[in-house]
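Below is one structure; the comments refer to it alone.
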Amino acid sequence: APHLLSPQRILALIRHFREARYDLVQTHLDYSNILGSIAGRVTGTPVIATLHSTSKEPRFHNPLRQTLETWMLRYGAQAVVAVGEQVAQAHAPRMKGHSIDVIPNAVPEIPPLDAEKRAALRTRLGATPQDVVLISVGRLAAPKGYPDLLQAFAQLAPEYPQAILWVVGDGDLWDALHAQRAALGLQTRVHFLGRRSDVPDLLNAADIFVSASHWEGLPLAVLEAMMAGLPVVATAVGDTPNIVPLGASRLVPPHQPAALAQALGTLVKDPATRARWGATSKAYAREHFGVGAWMERLKSLYARVLAREET
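Next comes the structure, spelled out in structure tokens:
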């Protein structure tokens, strides 16, 4: 298959834009931002490019791609959107004064599971009614900090025998994390669930959400956990500090399993705080990151871009 930035792909997209005659196109992530902005420039189609990451991952350090994207963000796109404040700040230097609109991602409502279904799902996954289920959702990849999370859980486990951990997701570290679990003697306490299509139900069936990420943009997994009414313990990276409710969540520095273990322990032993923080999380997510508010922000941006094109 041709490279994503090959002439064939660029010409095919230009043809598609011409045939479709879109009023406006919004692109997401680096390759789409580059390709869409080129096709938009050639065909006169207004393009809004969307930035999702703070660009600290090694995969973003391709100089040619970065230069191309920077040029197209500045001169190809009619508007640039970042999904969080930290994302906007990370990209501001290369925009050289060109503005970035911040429109945080939204997550849909997650309806609660009825008690019977919740109990059945927990039982199926090896959790008793007395267990406190910690859940983490994400790619099993280095940026997500799963080795730190397993270390933290190993420190937590002896003091809190009721705690178990569900890890939802797949990725390059699958085998290494299984080996680490075995080395730590946590086979009966840590459950790798792989990719799942029922993540909302799993969130509803759990008691605490945990993220040990080393870097993030705006973490959708955290927002989804909040929308499910879970208290959040997470690393203070990317836009995470900007999206969790102050006083009803716990943030710790990345790369510090001991701090993570301590923060989790305070919630594992305190069901009243878990319930209170969870309710606050849900209300906060609904108010600030619901689909309705997000759509209004986008509609306003679309109207602004289209009005500018008509003048």
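Heads up, the sequence shown is in our numbering, so the first residue is 576 and it goes up one at a time.
Don't be surprised by glycine CBs; every beta carbon is placed ideally from N, CA and C.
Mind reading off the beta-carbon distance from residue i to residue j? Whole number of angstroms is fine, and I expect it under 8 Å.
| i | j | result |
| --- | --- | --- |
| E799 | I685 | 7 Å |
| V890 | V743 | This structure leaves residue 890 out entirely; the chain is present only between 576 and 886. |
| P832 | D747 | Not quite, the Cβ-Cβ distance comes to about 20 Å (not below 8 Å), so this is no contact. |
| A781 | V708 | 4 Å |
| I739 | H766 | 7 Å |
| L761 | A732 | 7 Å |
To the nearest angstrom, how far is the alpha carbon of residue i from that of residue j?
| i | j | result |
| --- | --- | --- |
| L793 | A681 | 10 Å |
| D814 | K844 | 28 Å |
| L805 | A858 | 11 Å |
| A803 | S612 | 36 Å |
| E660 | T645 | 18 Å |
| G822 | V812 | 17 Å |
| V827 | T841 | 13 Å |
| T855 | P846 | 14 Å |
| I623 | G651 | 9 Å |
| W869 | P683 | 10 Å |
| E734 | F728 | 10 Å |
| L752 | Y721 | 8 Å |
| A665 | G701 | 42 Å |
| K671 | T602 | 21 Å |
| R861 | I675 | 25 Å |
| G867 | R851 | 25 Å |
| S875 | V677 | 12 Å |
| T551 | H578 | There is no way to answer for residue 551, as the model of the chain reaches only from 576 to 886. |
| M801 | H863 | 11 Å |
| F592 | L873 | 21 Å |
With a CB to CB cut of under 7 Å and the five nearest residues on each side skipped, what residues in its chain are close to residue i?
| i | result |
| --- | --- |
| A796 | V712, G713 and S786 |
| Q726 | P832 |
| D745 | L715, G769 and R770 |
| R699 | none |
| Y877 | L599 |
Taking Cβ positions, are residue i and residue j nearer each other than 8 Å?
| i | j | result |
| --- | --- | --- |
| V600 | L626 | no |
| A694 | P679 | no |
| V835 | N779 | Checking the sequence, you will find Leu at residue 835 rather than Val. No. Outside cutoff. |
| L715 | W749 | yes |
| V888 | S628 | Here the chain has residues from 576 to 886 only, and residue 888 is not among them. |
Let me check understanding here. Comparing Cα to Cα, which of the options lies closest to residue i?
| i | options | result |
| --- | --- | --- |
| L639 | I609, A624, R872 and V656 | I609 |
| H673 | W869, L648, F784 and A751 | L648 |
| R616 | Q641, R590 and H603 | R590 |
| Q583 | A614, Y597 and L604 | A614 |
| W790 | P829, K692 and R849 | P829 |
| A838 | V807, K692 and P816 | V807 |
| Q730 | T763, S607, L580 and L759 | L759 |
| D605 | G619, F592, A587 and V656 | V656 |
| L696 | A878, R825 and W741 | W741 |
| D706 | Y877, V677 and R764 | R764 |
| R849 | V866, R825 and E862 | R825 |
| N637 | L580, R756 and F592 | L580 |
Note down, in chain order, each residue of its chain lying with its Cβ closer than 6 Å to the Cβ of residue i, except the 5 sequence neighbours on either side.
| i | result |
| --- | --- |
| P621 | L599, Q653, V880 and E884 |
| Q719 | Per the sequence shown, the amino acid found at residue 719 is Lys instead of Gln. Only G713 and S788 meet the Cβ criterion. |
| S772 | none |
Quick one: does residue i have its CB under 8 Å from some CB of chain C?
| i | result |
| --- | --- |
| A834 | The chain labelled as chain C is not found in the depicted structure, where only one protein chain is given. |
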